[in-house]
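Q: Here it is, the structure, as structure tokens.
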Amino acid sequence: MEYDLYNSREIYDFPPFPTAPLPGTPSRKSLYRVHLLALGDVGSTLATGLRLMGGDVISALGICDLREGVTQRWEFELNQIQGPGEKRFPPVEIVDVDHILDCDVFLFCASRFVPDTAVKSGDVRMAQYELNRPLAASYGRMAREKGFQGMFCVVSDPVDQLCRAVLTESSRNEAGEMDERGLRPGQIRGFGLGVMNARAMYFARKDSRFASYLTEGRAFGPHGEGLIIANSIERYDDALSRELTELTKRANLHMRELGYKPYVAPALSSGALSLLACLRGEWQYSSVYLGGVYFGVKNRLTEGGCEVEQLDILELLADRMRETAAYLRGIE
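Counting in the working numbering, the sequence shown runs from 283 upward without gaps.
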């Protein structure tokens with residue numbers, strides 16, 4: 283065992299993943315009050331998805347944005363989404379920033395920097411880290427001050443790194459010392475891997491060489507650099523998997539080359555669909571606390587906490603996971 287200096291918790295090598303549910307995860311409920319911060323491209327699309335599909339698990343959707351008129355626009359728009367039948371749609375309410383954490387689930391969709399469509403190369407997600415980290419950390423400290431007991435869900439890029447920043451900064455006291463009186467690791471969850479799985483499936487449908495991914499494959503790791511796409515768990519092909527991984531990682535750049543920001547699929551595949559599956563206790567992709575970092579895996583929410591999917595991982599694939607975990611640990 284090593285010691286994690288950033289949040290005073292033990293680091294272990296994985297896989298294998300823990301077989302017992304991860305502790306510190308809020309208990310499942312039948313209905314959740316969900317609050318969403320920032321209604322930009324991602325946030326507004328995510329809110330639309332939750333309004334359309336979340337009536338069975340969301341009691342109310344609170345929205346907050348610091349820009350004048352934005353919440354009023356989306357409260358007006360979203361509450362007018364209504365079908366002809368009796369299907370329940372969660373009511374959308376405006377909440378101010380002082381009450382943003384008065385909820386069961388907090389969705390952090392805020393960003394101080396979103397590269398425009400002129401950016402067509404490099405790791406776009408990590409370019410956002412320097413500015414988005416202090417913003418995410420400030421809400422981590424707010425969660426500490428308010429004694430927040432719900433789920434703190436990060437949707438902004440880079441998802442996994444921001445999750446760790448939230449945990450770290452919520453654990454600092456006023457003197458800057460780590461006292462672990464902030465958020466518990468299980469309260470924080472990152473929603474970014476869902477779209478990577480969806481993109482890998484897109485390419486698997488386009489190219490028969492990758493077809494095994496549709497029924498046998500898995501996605502692991504962060505939403506960006508360090509991503510691992512495995513073509514098959516039982517018949518893992520390293521070269522084929524790395525090729526599919528690169529296609530998946532570069533999908534956002536391909537959209538930028540077309541002249542558009544890549545936000546619709548992430549907001550729905552990683553955001554709305556994955557969050558709702560999580561709240562329903564279904565298997566889904568999200569980043570949870572494993573071995574001192576937030577690492578994307580297939581998991582589900584149970585009465586006892588977060589359960590990580592148990593797989594027999596070949597050593598070649600396990601090595602890739604350890605490399606990614608080491609990479610994530612090196613980012614402060």
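Using N, Cα and C, we set each Cβ at its ideal position, and we do this for glycine too.
Owing to the predicted nature of the structure, the values given are computational and were not obtained by experimental measurement.
In the region 316-368, which residue ranges form an unbroken beta strand (DSSP E) of at least 3 residues, counting only runs that do not cross its ends?
A: Runs of the beta strand (DSSP E) inside the region 316-368: 340-346.
Q: What does the alpha-carbon distance come out to for the pair VAL436 and ARG471?
A: Each residue's alpha carbon lies about 6 angstroms from the other.
Q: Look at the alpha carbon of ARG423 and the alpha carbon of ALA302, and state the distance between them as a whole number of angstroms.
A: Roughly 29 angstroms separates the two Cα atoms.
Q: In the DSSP assignment, what residue or residues form a beta bridge with ALA501?
A: Partner(s): ILE511.
Q: How many angstroms separate the CA atom of THR399 from the CA atom of TYR542?
A: Caution is warranted here: a pLDDT of 49 is assigned to THR399, below 50, making its placement in the model unreliable, and the coordinate value is therefore given only provisionally. Rounded to whole angstroms, THR399 to TYR542 spans 6 angstroms at the Cα level.
Q: Just grab the DSSP bridge partners of ARG454 for me.
A: Its beta-bridge partners are MET460.
Q: With distances taken Cα to Cα, identify the nearest neighbour of ASN615 among TYR545, ARG524, GLY325 and THR527.
A: Summary: the structure shown does not reach residue 615, with the chain confined to residues 283 through 614, and so no result is reported for it.
Q: Taking three-plus beta-carbon pairs below 8 angstroms as touching, is the region 509-521 in contact with the region 558-573?
A: Cβ pair count under 8 angstroms is below three, so no.
Q: Report buried or exposed for VAL575, applying the criterion of at least 16 other Cβ atoms within 10 angstroms of its Cβ.
A: Flag for VAL575 reads buried.
Q: What are the boundary residues of the alpha helix (DSSP H) that includes CYS588?
A: Run containing CYS588: none in the alpha helix (DSSP H); it sits in the beta strand (DSSP E), 587-590.
Q: Below 8 angstroms, how does it come out for the region 328-336 and the region 345-365: are there three or more Cβ pairs, yes or no?
A: The region 328-336, when compared against the region 345-365, does touch it at the 8 angstroms Cβ threshold.
Q: Pull up the distance between the alpha-carbon of GLY586 and that of GLY468, whole angstroms please.
A: Rounded to whole angstroms, GLY586 to GLY468 spans 12 angstroms at the Cα level.
Q: Considering only C-alpha positions, which residue in the set PHE485, ILE515 and LEU334 is nearest to LEU529?
A: Residue PHE485 is the option with its Cα nearest to LEU529.
Q: Taking the Cβ atom as the reference point for each residue, do GLY578 and SER568 lie within a distance shorter than 8 angstroms?
A: A contact, by the Cβ cut-off of 8 angstroms.
Q: When the Cα of PRO416 is compared with those of LEU449, PHE388 and LEU389, which residue comes out closest?
A: The shortest Cα separation from PRO416 among LEU449, PHE388 and LEU389 belongs to LEU449.
Q: Should the region 335-355 be called in touch with the region 480-498, which here means at least 3 C-beta pairs below 8 angstroms?
A: Too few Cβ pairs lie closer than 8 angstroms, so no.
Q: Report yes if the CB atom of ASP295 is closer than 8 angstroms to the CB atom of ARG604, and no otherwise.
A: Contact: yes.
Q: Does the region 475-489 come close enough to the region 444-458 that 3 or more CB-CB pairs lie under 8 angstroms?
A: These segments do not touch.
Q: Exposed or buried, which one is ASP461 when buried takes at least 16 other CB atoms within 10 Å?
A: Looking at its Cβ environment, which holds fewer than 16 other Cβ atoms inside 10 Å, ASP461 is exposed.
Q: Between which two residues does the beta strand (DSSP E) harbouring ARG423 extend?
A: Unbroken run through ARG423 is the alpha helix (DSSP H), 411-428; no beta strand (DSSP E).
Q: With GLN410 and PRO308 assumed to form a contact (beta carbons below 8 angstroms), what rounded beta-carbon distance in angstroms separates them?
A: That pair is no contact at about 28 angstroms.
Q: Could you name the residues of the same chain whose beta carbon sits closer than 7 angstroms to that of ALA392, not counting the 5 residues immediately before and after it, in chain order?
A: Cβ neighbours of ALA392 beyond the five flanking positions: LEU319, ALA320, LEU417 and SER438.
Q: Rounded to the nearest angstrom, what separates VAL387 and GLY612 at their Cα positions?
A: In a straight line, the C-alpha of VAL387 is about 29 angstroms away from that of GLY612.
Q: So, GLY464 versus HIS505, is the Cβ gap smaller than 8 angstroms?
A: No, the Cβ-Cβ distance between GLY464 and HIS505 is not below 8 angstroms.
Q: For ALA457, count the other beta carbons within 10 Å of its own beta carbon; 16 or more makes it buried, fewer makes it exposed. Which is it?
A: Classification of ALA457: exposed, given that the 10 Å Cβ count is below 16.
Q: Do GLY476 and LEU540 have their CB atoms nearer than 8 angstroms?
A: No, the pair does not count as a contact, with Cβ atoms beyond the cut-off.
Q: Given a cut-off of 8 angstroms, decide if ARG310 and LEU583 are closer than it, judged by their beta-carbon atoms.
A: Contact: yes.
Q: Going by DSSP, what residue range makes up the beta strand (DSSP E) through LYS580?
A: That run of the beta strand (DSSP E) goes 575-584.
Q: Would you check if the distance between the CB atom of GLY508 and the CB atom of LEU610 is smaller than 8 angstroms?
A: Yes, the Cβ-Cβ distance between GLY508 and LEU610 is below 8 angstroms.
Q: Pull up the distance between the alpha-carbon of ARG374 and that of GLY325, whole angstroms please.
A: Per the sequence presented here, residue 374 reads as Val, with Arg not at that position. The alpha-carbon atoms of VAL374 and GLY325 are separated by roughly 13 angstroms.
Q: Buried or exposed: where does GLY351 fall if 16 or more other Cβ atoms within 10 Å of its Cβ makes it buried?
A: That one is exposed.
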